[in-house]
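Participant: So the sequence lines, in the order shown, correspond to chains A and B.
Here this note's numbering is used: position 146 in the first sequence is 872, and no number is missing along the way.
Here this note's numbering is used: position 65 in the second sequence is 422, and no number is missing along the way.
Glycine included, C-beta positions come from ideal geometry on N, C-alpha and C.
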Amino acid sequence: MPGTETTAALVITNDRWNAAMARVAVLPVRSEILPAEERYAVAYGKGFVTAARVLSVFAPPHPLSPLGPVIAGLETDALAAIEDRLCEFLELPGLQASPPSFRRPAGDTSAYPLWGEIYRGPVLGNERKRFVVVSPNDWNRTAGMATGVRTTTQLKIDDIWFPPILDATTRAACGDTTTFAINEWRLARRDRPAPFTTTSRDMVAIGRGLADTYELGDALERVRRRV
Amino acid sequence: MTSHSSRVSVPVPDRVRSAAKYPDLVDLPEGASAASIYERLLEYGYDTAVRAKRHREQLAAAIAYSRDPEQRRIGPDLQRAALRKGVL
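1. Between M358(B) and chain A, is the shortest Cβ-Cβ distance under 8 Å, so that the two count as touching?
2. Measure the CB-CB distance between I883(A) and A417(B) and report whether it falls below 8 Å.
3. Where does M929(A) sit, in a helix, a strand or coil, going by DSSP?
4. Closer than 8 Å, CB to CB, is R779(A) near chain B or not?
5. Bridge partners of F784(A), per DSSP?
6. Quick check: S393(B) and L385(B), are their CB atoms within less than 8 Å of each other?
7. Going by other Cβ atoms of all chains shown within 10 Å of its Cβ, with 16 needed for buried, is S824(A) buried or exposed?
8. Given S694(A), which residues of its chain have a CB within under 6 Å of its CB, disregarding the five upstream and five downstream residues?
9. Do P792(A) and L399(B) have their C-beta atoms closer together than 8 Å?
10. So P848(A) contacts chain B; which residues on that side make the cut at Cβ distance below 9 Å?
11. Enumerate in chain order the residues of its own chain whose CB-to-CB distance from A914(A) is below 7 Å, with the five nearest sequence positions on each side excluded.
12. Kindly indicate the opening and closing residues of the alpha helix (DSSP H) around A419(B).
13. From Q428(B) to L818(A), what distance separates their C-alpha atoms?
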């Protein structure tokens, strides 16, 4: 993959998603990580697998795929560890609790992307598409990047991977979650879409979609047992 | 609320009860206990009635999404934006 510090990538979307889609979600393996990233990363080889930089990329054999051939499968313990970090990063334990428990953070919406808020992202096909922020605010504020779920109004099928949010026509494409540098997010109030925020119900649905797309059921069960 | 129980009592229909005599139907050896046969039947039933159906629906949704012209059009830009300096 591009970038001198990224040496490999861990595919996290499940086999059913991968069988149907040209793009898959990956976590990069990096030789260096940010100090704030340590809580979301697991040591791997001479570097770290980091859950804080979910990326949607083309899978081989697509000509645009940045991924090379398979290197190895993660050992069970290492896979479980990074799954737990991913759950924490995506704030899934609170979202999946019964009843859901999470704080909708307050903050300056023009300073950095806020969890649960909707922003327009980079230009994609001549248009700035809407994304729901799913990365934690502390990370978004300091890391210079944020992770978002793409929304679409084109898909007409409701599914746990594409839950309806906001209204009857908008769906979150949970498998198309990706991370952008902060300067790719349109933070100014005048650039915000309407509506510009989600409901708690929307975020719970997105959390379920992410957990299923990334096959995090066992990890959430582990977290539940630890609490 | 999620709860798990390893032992439950449920009525067993006659046609299901007879399965205990045919362990080979659920890939178990001759002499397998009725409990193990019923356990395997529950697993197979769950896979058929719930998981397989759900997986088929998910696959259909993912295929519909993968064929969406907008989704195909923005794919390269989405990857390009994600791989720009600042993330990797």
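Facilitator: In this structure, then:
1. Here residue 358(B) refers to the residue found at position 1 of the second sequence. Note that M358(B) has pLDDT 37, beneath the 50 cutoff, so the model's placement of it is unreliable and no number is given.
2. On the first sequence, position 157 is the one that residue 883(A) refers to. On the second sequence, position 60 is the one that residue 417(B) refers to. Against a cut-off of 8 Å, the Cβ pair of A417(B) and I883(A) comes out as a contact.
3. Indexing the first sequence from 1 puts residue 929(A) at position 203. The three-state reading of DSSP puts M929(A) in helix, counting H, G and I together.
4. Position 53 of the first sequence, counted from the first residue, corresponds to residue 779(A). Interface criterion met: the Cβ of R779(A) is under 8 Å from a Cβ in chain B.
5. Numbered from its first residue, the first sequence carries residue 784(A) at position 58. According to DSSP, F784(A) bridges with R749(A).
6. What you label residue 393(B) is simply residue 36 of the second sequence in a count that begins at 1. What you label residue 385(B) is simply residue 28 of the second sequence in a count that begins at 1. In contact: S393(B) and L385(B) (Cβ atoms closer than 8 Å).
7. Within the first sequence, residue 824(A) is the residue found at index 98, counting from 1. The residue in question, S824(A), is exposed, as its Cβ has fewer than 16 Cβ neighbours within 10 Å.
8. The first residue shown for chain A is 727 and the last is 953, placing residue 694(A) beyond what the model contains.
9. Translated into the one-based positions of the first sequence, residue 792(A) becomes position 66. Translated into the one-based positions of the second sequence, residue 399(B) becomes position 42. No; because the gap between Cβ atoms is not below 8 Å, this pair is not in contact.
10. Your numbering for residue 848(A) matches position 122 in the first sequence. By Cβ distance, chain B contributes D434, L435, R437, A438, A439 and R441.
11. Here the question's residue 914(A) lines up with position 188 in the first sequence. Within the same chain, A914(A) has close Cβ partners S836.
12. Counted from its first residue, the second sequence places residue 419(B) at position 62. Residues A409 to R424.
13. As a working mapping, residue 428(B) is identified with position 71 in the second sequence. As a working mapping, residue 818(A) is identified with position 92 in the first sequence. If I take the Cα positions, the gap works out to 26 Å.
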